[in-house]
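A short write-up of the structure that comes next.
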DNA sequence: TGATAATGGTTTCATTTGAAACTATGTTGA
DNA sequence: TCAACATAGTTTCAAATGAAACCATTATCA
């Protein structure tokens, strides 16, 4: 903890720039904003659509409800993303045996092409983003984020 | 790096749940969402309004443009937050010597009372959020976020 | 000077978002 | 078996948001 922040705390002040929720928000918005912009420019794809494609690339055949479980998105977001991805021919639906409410979702051939283009971009982006950290720091970051995410869920 | 993620990378797949920008986004949204909810319930205050109050508590007399610089908010957000904070009597404006476009912003007495109530709540929230980390881990987290924030700005 | 550009801040308008209501289908239990 | 409830997914409507245009004022400099 920086000494000025300690002092501020004693005085009943709060330094926004040292307040963890604020810092996380600024960092996350910066990162997501840049990614969103590049996906939008290159593929006319929102972050929500990309997330749906990402889980379908990894888990073909999930239903929308299952996508919801795996992405921290709500069902309205997923529904909208799915409907746009159908329009743009990037995913397709197939009947679920024994339940006419749900449909399995799959990347189409076009969807697979887009996916195959985005994945290396995304990984490269992440690599550059963390290029200032050595292996130990990355492992540490991973651990810390796990702990914080667990803590946040219980607050 | 987890071995399954390494394997996925080799196979041209991407595990959303190990993708750093995604993890940051989920974490930040969870944290900010919970804070937003509690500020809204107790004080009818949005995160944007709280940020403006937070910097004015620390730096009384900033103009809206200066608030913008210090908060990673844009000027429209600040303008809207300021206008609501005026309505709710939490801040007031005074003329800027020699520039009739800008006005200095200050917490009112009411604003100070709200501020004095929120600060300990916010700090307590942060404390609980990081209660799973020891001092060394907190220092490490701080360093890592500094590095990542700097890296994100240059991407 | 006076024209042009820059700055501080607000407003407008179209788009995005979220919550709640809704349709259709499926499950449960008296 | 049928009434009540639960689930999958979509739609609606109001509110939040962002980009651009805007107004007023101040700075620049030919």
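Chains as they are written, first to last, in the working numbering: chain D, 1 to 155; chain Z, 1001 to 1155. Yeah, the Cβ is synthetic: ideal placement off N, Cα and C, and Gly gets one too. Here the structure is a predicted model, which is why all the values come from computation and not from measurement.
DSSP-derived helix/strand/coil call for residue i
i                       : result
residue 56 of chain D   : helix
residue 102 of chain D  : strand
residue 1107 of chain Z : strand
residue 92 of chain D   : strand
residue 15 of chain D   : coil
residue 97 of chain D   : coil
residue 72 of chain D   : coil
residue 1030 of chain Z : helix
residue 1063 of chain Z : coil
residue 155 of chain D  : coil
residue 1045 of chain Z : coil
7 Å Cβ cutoff, residue i in contact with chain Z
i                      : result
residue 21 of chain D  : yes
residue 31 of chain D  : yes
residue 58 of chain D  : yes
residue 38 of chain D  : no
residue 61 of chain D  : no
residue 67 of chain D  : no
residue 55 of chain D  : yes
residue 64 of chain D  : no
residue 45 of chain D  : no
residue 136 of chain D : no
Cβ neighbour criterion (16 or more within 10 Å) applied to residue i
i                       : result
residue 76 of chain D   : exposed
residue 143 of chain D  : exposed
residue 110 of chain D  : exposed
residue 1057 of chain Z : buried
residue 28 of chain D   : buried
residue 42 of chain D   : exposed
residue 1107 of chain Z : buried
residue 69 of chain D   : exposed
residue 1127 of chain Z : exposed
residue 49 of chain D   : buried
Chain D within 7 Å of residue i, Cβ atoms only
i                       : result
residue 1132 of chain Z : yes
residue 1076 of chain Z : no
residue 1041 of chain Z : no
residue 1035 of chain Z : yes
residue 1026 of chain Z : yes
residue 1093 of chain Z : no
residue 1012 of chain Z : yes
residue 1147 of chain Z : yes
residue 1085 of chain Z : no
residue 1140 of chain Z : yes
Exercise. Mind pulling the alpha helix (DSSP H) runs of 4 or more residues that sit fully within the segment 1120–1147 of chain Z?
Worked result: If we require 4 residues or more, the segment 1120–1147 of chain Z turns out to have no alpha helix (DSSP H) run fully inside it.
Exercise. Can you list, in chain order, the residues of the segment 1101–1125 of chain Z whose Cβ is nearer than 9 Å to any Cβ on chain D?
Worked result: Residues 1115, 1116, 1118, 1119, 1120, 1122, 1123, 1125.
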